[in-house]
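Peer 1: Starting off with a structure, shown below.
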């Protein structure tokens with residue numbers, strides 16, 4: 003790690019664990035906040051900056067910008083809560099109990115829920131209630147939608163200004179037929195049979211079971227890693243879930259889920275980073291494997307080079323406008339992802355490439 007990365011992780015650990023900052027030299031705030039922006043957790047670090055001693059604080063200009071980050075995130079969360087509560091209330095009136103994926107469920111596991119970077123609202127309603135739920139939510143005031151739900155895949159988007167709500171028929175797209183069957187059983191147990199209830203500002207929400215919260219948060223981060231790029235924001239989510247549910251998880255169930263989805267090696271590899279970089283106590287990292295150090299170091303370099311959604315490289319954000327060139331662009335990106343993955347997880351890389359090629363050919367065949 004270079005000096006800026008060392009300072010970044012010291013500040014991030016202080017934010018995650020509500021601990022003092024262990025930095026005794028001048029902080030390069032510009033470099034640190036650039037890393038934080040690429041990884042989607044600059045609000046967390048902004049809060050730490052506010053609490054620093056005067057001699058360690060950033061310049062007044064940068065401090066004002068950090069406070070604006072925090073205000074903006076808080077205001078967005080307030081708008082999201084208002085829309086979320088209205089949506090859940092409407093669905094419940096019609097006998098549909100949605101389960102909140104990620105979002106405020108994960109935020110509640112942080113020392114300060116207001117400091118987790120907000121994204122979209124993800125509501126799982128399941129296959130049986132999907133069409134009815136979409137139709138109901140389109141009646142909410144101020145919503146905008148691009149198409150009907152029959153034209154989308156695993157989720158349907160409704161927008162309320164800068165607030166995007168994703169209504170999920172399934173929690174994840176699993177293309178491989180065998181893995182899809184396994185994942186469906188996991189999803190059924192974690193979202194339909196054993197959901198939790200939490201209280202957010204006096205409103206009760208359903209969230210996944212503890213085991214599924216941990217599993218799905220990691221699965222989501224892994225999917226980002228092999229496709230669009232994962233940031234330390236998502237890995238922080240995994241660390242916070244493991245810490246909050248320490249001693250409460252059914253580890254045999256978690257082991258079974260990870261093994262059946264071929265994720266144990268990635269879990270242990272990223273788990274090394276959660277302990278070594280993010281400061282998660284080793285005793286709270288299930289199935290910790292110190293022998294994954296070398297593989298974890300390779301993954302770490304990729305994380306720092308790409309950033310969240312590959313913000314540092316913009317490979318996938320610069321999509322061509324013409325359909326033919328979009329297909330070629332997607333094909334090239336698929337092989338770039340394979341090249342990066344095969345050096346770390348060779349078996350999984352070939353599995354993902356085979357699945358992606360089969361899915362692409364099937365999609366094109368069906369369109370013809």
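Residue numbers (this note's numbering): 3 to 370.
Built from N, CA and C at the ideal position, the CB exists for glycine as well.
#1: Could you spell out the range, first to last residue, of the alpha helix (DSSP H) harbouring residue 308?
#2: Report the three-state DSSP secondary structure of residue 11 (helix, strand or coil).
#3: With DSSP collapsed to three states, give me the class of residue 347.
#4: Thinking C-alpha only, which one of 19, 25, 280 is nearest residue 114?
#5: Have a look at residue 267 and residue 93 and give me their C-alpha separation to the nearest angstrom.
#6: Kindly indicate the opening and closing residues of the alpha helix (DSSP H) around residue 69.
#7: Between the C-alpha atoms of residue 71 and residue 48, what's the straight-line distance to the nearest angstrom?
#8: Look at the alpha carbon of residue 136 and the alpha carbon of residue 83, and state the distance between them as a whole number of angstroms.
#9: Residue 168 lies in the alpha helix (DSSP H); which residues open and close that run?
#10: Please return the same chain residues whose Cβ sits closer than 7 Å to the Cβ of residue 178, not counting the five positions on each side in sequence.
#11: Quick one: residues in its chain with C-beta nearer than 7 Å to the C-beta of residue 238, no 5 flanking neighbours on either side, listed in chain order?
#12: Can you check the stretch 200-234 for any beta strand (DSSP E) of at least 3 residues that lies completely inside it and give the ranges in chain order?
#13: Quick test of the definition: if touching needs 3 or more C-beta pairs under 8 Å, does the stretch 86-101 touch the stretch 48-63?
#14: How many Å lie between residue 57 and residue 29 at the Cα?
#15: Straight-line CA distance for residue 318 to residue 339?
#16: By DSSP's criteria, residue 125 is part of a beta bridge. Which residues make up the other side?
#17: Between which residues of its own chain and residue 34 is the CB-CB distance below 8 Å, once the five residues before and five after are set aside?
#18: According to DSSP, is residue 16 helix, strand or coil?
#19: Straight-line CA distance for residue 186 to residue 175?
#20: Any contact between the stretch 103-111 and the stretch 200-219? By contact I mean 3 or more CB pairs, one from each, below 8 Å.
Peer 2: In brief:
#1: As a position in the chain shown, residue 308 is number 306, starting the count at 1. In the DSSP assignment, residue 308 falls within the unbroken alpha helix (DSSP H) covering 295-308.
#2: Position 9 of the chain shown holds residue 11. Reduced to three states, the DSSP call for residue 11 is helix.
#3: The count along the chain shown starts at 1 and reaches residue 347 at position 345. Coil.
#4: Taking the first residue of the chain shown as position 1, residue 114 is located at position 112. Per the Cα distances, 19.
#5: Within the chain shown, numbered from 1, the residue matching residue 267 stands at position 265. Within the chain shown, numbered from 1, the residue matching residue 93 stands at position 91. Cα to Cα, residue 267 sits roughly 39 Å from residue 93.
#6: To locate residue 69, count along the chain shown from 1; it is residue 67. It spans 62-95 - the alpha helix (DSSP H) in which residue 69 sits, taken as one unbroken run.
#7: As a working mapping, residue 71 is identified with position 69 in the chain shown. As a working mapping, residue 48 is identified with position 46 in the chain shown. Approximately 7 Å between the Cα atoms of the pair.
#8: Translated into the one-based positions of the chain shown, residue 136 becomes position 134. Translated into the one-based positions of the chain shown, residue 83 becomes position 81. Between residue 136 and residue 83, the C-alpha separation is close to 19 Å.
#9: For the purposes of this step, residue 168 is taken as residue 166 along the chain shown, with counting starting at 1. Element bounds for residue 168: not the alpha helix (DSSP H) but the beta strand (DSSP E), 165-170.
#10: As a working mapping, residue 178 is identified with position 176 in the chain shown. Spatial neighbours of residue 178 in its own chain (CB-CB distance under 7 Å, excluding positions within 5 residues in sequence) are listed in chain order as 357.
#11: Counting from one through the chain shown, the residue named residue 238 turns up at place 236. If the five residues before and after residue 238 are omitted, its C-beta is found closer than 7 Å to the C-beta atoms of 18, 43, 280, all from its own chain and listed in chain order.
#12: Fully enclosed beta strand (DSSP E) runs of 3 or longer: 205-209.
#13: The stretch 86-101, when compared against the stretch 48-63, does not touch it at the 8 Å Cβ threshold.
#14: For the purposes of this step, residue 57 is identified with residue 55 of the chain shown, where counting begins at 1. For the purposes of this step, residue 29 is identified with residue 27 of the chain shown, where counting begins at 1. If I take the Cα positions, the gap works out to 10 Å.
#15: Within the chain shown, residue 318 is the residue found at index 316, counting from 1. Within the chain shown, residue 339 is the residue found at index 337, counting from 1. Model confidence at residue 318 stands at a pLDDT of 47, short of 50, so the residue's coordinates are unreliable; what they give is reported in the following sentence. Going by the C-alpha atoms only, they are around 11 Å apart.
#16: Position 123 of the chain shown, counting from 1, holds the residue named residue 125. Beta-bridge pairing links residue 125 to 102, 169.
#17: Here the question's residue 34 lines up with position 32 in the chain shown. Contacts found: 6, 9, 10, 13, 47.
#18: Translated into positions along the chain shown, residue 16 becomes position 14. Secondary structure at residue 16: helix, using DSSP grouped into helix, strand and coil.
#19: Indexing the chain shown from 1 puts residue 186 at position 184. Indexing the chain shown from 1 puts residue 175 at position 173. If you take the alpha carbons of residue 186 and residue 175, they lie about 10 Å apart.
#20: The count of Cβ pairs closer than 8 Å, one atom from the stretch 103-111 and one from the stretch 200-219, reaches three, so the stretches are in contact.
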